[in-house]
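Participant:
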Amino acid sequence: MPVHPLLATRFSPLRFDPQRTLTDDDVDLLLEAARWAPSAGNSQPWAYFTARRDEPDHKRLVQHLAASSGRWAPSAALLVVTMAHRYIEDTDWAYSDFADYDLGQSVAHLTLQAHAMGLACRQFRAFDLDALTTDLAPGPGWHIISMIAVGQAAEERPPDRERRTTTDLRTAPWSGGL
Ligand SMILES: Cc1cc2nc3c(=O)[nH]c(=O)nc-3n(C[C@H](O)[C@H](O)[C@H](O)COP(=O)(O)O)c2cc1C
Numbered sequence: 030m031p032v033h034p035l036l037a038t039r040f041s042p043l044r045f046d047p048q049r050t051l052t053d054d055d056v057d058l059l060l061e062a063a064r065w066a067p068s069a070g071n072s073q074p075w076a077y078f079t080a081r082r083d084e085p086d087h088k089r090l091v092q093h094l095a096a097s098s099g100r101w102a103p104s105a106a107l108l109v110v111t112m113a114h115r116y117i118e119d120t121d122w123a124y125s126d127f128a129d130y131d132l133g134q135s136v137a138h139l140t141l142q143a144h145a146m147g148l149a150c151r152q153f154r155a156f157d158l159d160a161l162t163t164d165l166a167p168g169p170g171w172h173i174i175s176m177i178a179v180g181q182a183a184e185e186r187p188p189d190r191e192r193r194t195t196t197d198l199r200t201a202p203w204s205g206g207l
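Quick note: the sequence shown uses our numbering, first residue 30, plus one each step.
1) Across which residues does DSSP place Ala-7 in a beta bridge pair?
2) From His-33, Pro-31, Phe-40 and Val-32, pick the residue whose C-alpha is nearest to that of Glu-16; which is it?
3) Tell me the rounded alpha-carbon separation between Asp-119 and Ser-97.
4) What are the complete alpha helix (DSSP H) segments, minimum 4 residues, inside the segment 161-205?
5) Cβ atoms of Phe-127 and Ala-69: under 8 Å apart, would you say?
6) What residue range is occupied by the uninterrupted alpha helix (DSSP H) comprising Gln-271?
7) Tell me which residues share the same chain as Ala-183 and place their Cβ nearer than 6 Å to its Cβ, disregarding the 5 neighbours each side in the sequence.
8) Looking at ligand 1, does it come within less than 7 Å of Arg-193, judged from the CB to the closest heavy atom?
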């Protein structure tokens, strides 16, 4: 049995259709998918700051992009800033080991939901983290982790995508892999 088509056909484009727009319902649906991800102790330690291309906050985010992401991310219909809440209130834990892990799962849900809606996502770290953190000023314990460009892909999935083998996934830690 092959991998499910939703997984097999997902890819991260570097070109987005600059005409494509998203409705309020589209954005809500993406966050709805993100909401239902599993997390350690059901802590749900994630948050998303969203700005569509025609919203004032879009310019605010674009100014913090790196030169590389600045070439393609602004034309996506939606920019998303992802945040993890690493600190656990009412416990003596310094921080949760799983907050970033949980956020990643939530982003994976969002990404696949987008793909199911005919959209595509490119996650990225190519932005000025310090400047964006100062600008958005998330509350105590919150950390900006990544951004996501979401929109209509304006290119085909590359035919030459590569992945490590399943054998390597099982053996790398003991065989000098990676
Ligand atoms: C946490 C994270 C950070 C990433 N940062 C960048 C980035 O800064 N710039 C970029 O062009 N792509 C970035 N990517 C996209 C990856 O390069 C891409 O997912 C990977 O090459 C696999 O391609 P695929 O998603 O099409 O399968 C990032 C992806 C993730 C998950």
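Even glycine gets a Cβ: it sits at the ideal position worked out from N, Cα and C.
All values derive from a computational prediction rather than experimental measurement.
Facilitator: Looking at the atomic coordinates:
1) Given that the chain is displayed from residue 30 to residue 207, the structure contains no residue 7 and the question cannot be resolved.
2) Shown here, the chain extends from 30 to 207; a query on residue 16 therefore has no answer.
3) 41 Å
4) 195-204
5) yes
6) One cannot answer for residue 271 here, as it falls past the ends of the chain, which runs 30 to 207.
7) Arg-44, Phe-45 and Asp-46
8) no
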